[in-house]
Structures are given as structure tokens and as C-alpha cells.
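Chemist:
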Amino acid sequence: MFLWVINLLPFRAKIALGLGLGHLLYLIPGSRVSIVRTNIELCFPELPRKEREDMVRDTFRHFGAGLVETVMCWWDNPRSIHPITETVGMEHLEAARSKGRGVILLGAHFSTLDISAMLVAKHYPMYAIYREQKNRVLNHFMVKGREKYLLGSIPHTSMMGAARRIKEGNPLWYSADQDMGEDRSVYAPFFGHPAATIHGISRLAKLTGAPLLMLATRRRSDNSGYVVEYLPAPDEFPLDDDVANATIINEMIERGIRSAPAQYYWFHRRFKTQPGMEKGALYRRSSLESGIGLNSLQ
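In numbering that gives the first Met the number 0, the protein residues as written are 0 to 297.
As C-alpha cells, then:
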């Protein structure tokens, strides 16, 4: 009932409520704050410490907005969102579709992830690769909520199923920004650090001949709506080198993140697997353990 009541609020009020909820979560000490702070420290070392901590706080704020948007996906009519959504790079999408071989939409875990299908569906409903959650109840509601706007969900273990959908001429959303370990990955730079990067996307592109576009979604800075942006891959993608392909993919994801860094989901231990290091070593050795906090940022 509480979630249903939230959805009755005007759009800006809903987002403001989510941002406030996220700020409260930021104030609660815990491992997630440490992970976010470590990732931002690694990826934006050039920023002053105060600016990095501001980004940590804003990451939580946008995470809260994303929670409210998930509720919107369950109960809202997409027609209420489409008028406040701007699409950038539509010409790249149309060019990719004109090839008639389907399209691979390179995704990333932005805090707008759950509402992305609703935003994109106006122009181009898609299939999506997803990773099953251990909690079966959560997994059920996640899949059910997203499939209101998706053509369907495909488990990340079903690559042949994904290839079949692409060859039928469909678009497929596939994220490549989580550390899945060394078995399914190669090391490629991500914000200047080696990151275990899956090679499934480039191999799907080779198998299907489908063009690759980066799909980046973000809230406008004044929280009045959304921007959906399509960014094309270099013409030479895919190459015959998994590391070179992973490097291109990470560069595309970086470009999408830099347009709104605090709207990225920095909660994942993106650098958990490192060559020649124990898993998670970068998160244990971080400056967070030396007591960096709000009081030390003055």
C-alpha cells in the first residue's frame, strides 16, 4: 500500500522522495559506503577528496531515486514518462536497425536501469540478458516488472537463445560492467585500472553480425525527466582480439558513465578480480580503512 501511495505523487515529488531516501542510506555506516567510496577513489583520483565524497553521497541519492522508479515501472503508464524523455543519437539506432541483423545494446548498471525498458520501449522494445537472483521471490518480481516493457528476458547462461533472438532481427540489451571472474573474462582497462571484462558481447557480435550501440540513460540534472542516448561502437568492432574488444566495450561504458557519474551503480566491486592479487584485495587495502569520512573532508 505504501509503495502504491508513493506512485500517486507528482513526478518531481517522487524523485525528490527517492533522492531523500538515498541520502538517508548514505548516512548509515556499512560496507556499501566503503565499496562506493573505493570505486570512486580508483576511477576519479584526479578529483579533490571533497568532490569524490560528494559523488559518493550523490550515488546513494540517485540509488534512492532508482528505487522509486522501480515502483513507477510496476504501476505507472509509460505514456506519463515518454513526454519527459529526450532521445539522443536516434540516427545511430536507425542506422543499426537498417542493417537488418538485429542490434546489440551495450548496457551498464545505471541507477536508471529498471526504468530504461519503459523509456526505450516507445521506439524500440527489446530483449534483455539478466542474471538470476538467489532470492526466488525477488527474482520473480524483477523479471515480471521488467517484462511489462521488454519483449522477454534471457538468462545470461543462454547465449544461443540470445543469438537466436538477435538473428530474428530483435534488439538485445546486454550489460558488461560486472566482475564475473577470470573464467568468462579478459582483463581490459576501465578508468585506467585492469578490470575482468566478459567477452560474451563481442562473441555474440561476431556470431550474429549485429552492430553494437551503447545505451546510456540518465536523469536530467533538474530531475524534470530523462535522457536516453545511443552511442555507436567504432567501425572496426568486433576485432579478432578479445582484449581489444573488451577495451572498446569498457571505453564505451566509460563514456556513458562520464555524462552523469553519480548515476552509475558504484556498489559493485568492479575491481574485485585483479591479476596476481587475492580477490577483493583493492577493497581491503583502501584508504577507507584509514578513516576517511565526512569529518576529514573539510
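Glycine included, every Cβ here is placed at the ideal spot set by N, Cα and C.
Only a predicted model underlies this, so the values are computations on that prediction, with no experimental measurement involved.
1) I'd like the list of long-range same chain contacts for Ile14, defined as Cβ closer than 6 Å, with 5 residues on each side in sequence excluded.
2) Excluding five sequence neighbours on each side, which residues of the same chain lie with their C-beta closer than 8 Å to the C-beta of Leu66?
3) So what's Ser174 in DSSP terms, helix, strand or just coil?
4) Do Pro77 and Lys49 count as a contact pair if the criterion is CB distance below 8 Å?
5) From Arg100 to Met213, what does the alpha carbon distance come to, in whole angstroms?
6) Could you check if Leu7 is buried or exposed, using at least 16 other CB atoms within 10 Å of its CB as the buried criterion?
7) The beta strand (DSSP E) with Leu212 in it runs from where to where?
8) Count the other CB atoms within 10 Å of the CB of Ser201; is the residue buried (16 or more) or exposed (fewer)?
9) I need the straight-line Cα distance from Gly290 to Met276, nearest angstrom please.
10) Here's the rule: buried if 16 or more other CB atoms are within 10 angstroms of the residue's CB, otherwise exposed. What is Trp74?
11) Can you tell me whether DSSP reads Leu8 as helix, strand or coil?
12) Locate the alpha helix (DSSP H) running through Glu93, then write down its first and last residues.
13) Sort Arg130, Ala94, Glu131, Leu150 by Cα distance to Val119 and report the nearest one.
14) Excluding the 5 residues flanking Ala280 on each side, which residues of the same chain have their C-beta closer than 7 Å to its C-beta?
15) Taking the alpha helix (DSSP H) that Pro253 falls in, what are its first and last residues?
16) Going by beta-carbon coordinates alone, are His155 and Tyr264 separated by less than 8 Å?
17) Pairing CB atoms from the segment 161 to 170 with CB atoms from the segment 230 to 243, are three or more of them under 8 Å?
18) Go ahead and pull the three-state DSSP assignment for Tyr25.
Modeler: Taking the coordinates as given:
1) In the sequence shown, counting from the first residue as 1, residue 14 sits at position 15. These residues qualify, in order along the chain: Ala64, Asn222.
2) Stepping through the sequence shown from its first residue, residue 66 is reached at position 67. The beta carbon of Leu66 lies closer than 8 Å to those of Gly17, Leu20, Gly21 in the same chain, with the five residues before and after it left out.
3) Along the sequence shown, one-based indexing puts residue 174 at 175. Residue state, collapsed to three classes: strand.
4) Start at 1 with the first residue of the sequence shown, and residue 49 comes out as number 50. Start at 1 with the first residue of the sequence shown, and residue 77 comes out as number 78. Their beta carbons are not under 8 Å apart, which means Lys49 does not touch Pro77 by this criterion.
5) Here the question's residue 100 lines up with position 101 in the sequence shown. Here the question's residue 213 lines up with position 214 in the sequence shown. Rounded to whole angstroms, the gap between the alpha carbons of Arg100 and Met213 is 17 Å.
6) In the sequence shown, residue 7 corresponds to position 8, counting from 1. Exposed, because fewer than 16 other Cβ atoms sit within 10 Å of the Cβ of Leu7.
7) For the purposes of this step, residue 212 is taken as residue 213 along the sequence shown, with counting starting at 1. Note, Leu212: beta strand (DSSP E), 211 to 218.
8) Here residue 201 refers to the residue found at position 202 of the sequence shown. Flag for Ser201 reads buried.
9) Numbered from its first residue, the sequence shown carries residue 290 at position 291. Numbered from its first residue, the sequence shown carries residue 276 at position 277. Confidence is the limiting factor: at Gly290 the pLDDT is only 38, short of 50, which leaves the residue's position unreliable and the question unanswerable from this model.
10) For the purposes of this step, residue 74 is identified with residue 75 of the sequence shown, where counting begins at 1. Within 10 angstroms of the beta-carbon of Trp74 lie fewer than 16 other beta-carbons, which makes it exposed.
11) Numbered from 1 along the sequence shown, position 9 holds the residue referred to as residue 8. Coil.
12) One-based indexing of the sequence shown puts residue 93 at position 94. Start and end: 89 to 97.
13) On the sequence shown, position 120 is the one that residue 119 refers to. Nearest option by C-alpha distance: Leu150.
14) Taking the sequence shown and counting its residues from 1, the one referred to as residue 280 is at position 281. Closer than 7 Å at the Cβ level, and outside the excluded window around Ala280, lie Gln273.
15) The residue you call residue 253 lines up with position 254 of the sequence shown. Note that residue 253 corresponds to Glu in the displayed sequence, not to Pro. Annotation: the continuous alpha helix (DSSP H) that includes Glu253 extends over 241 to 257.
16) Here the question's residue 155 lines up with position 156 in the sequence shown. Here the question's residue 264 lines up with position 265 in the sequence shown. No, they are not a contact pair.
17) Using a C-beta cut-off of 8 Å, the segment 161 to 170 makes no contact with the segment 230 to 243, since fewer than three inter-stretch Cβ pairs fall below that distance.
18) The residue given as residue 25 occupies position 26 in the sequence shown. Reduced to three states, the DSSP call for Tyr25 is helix.
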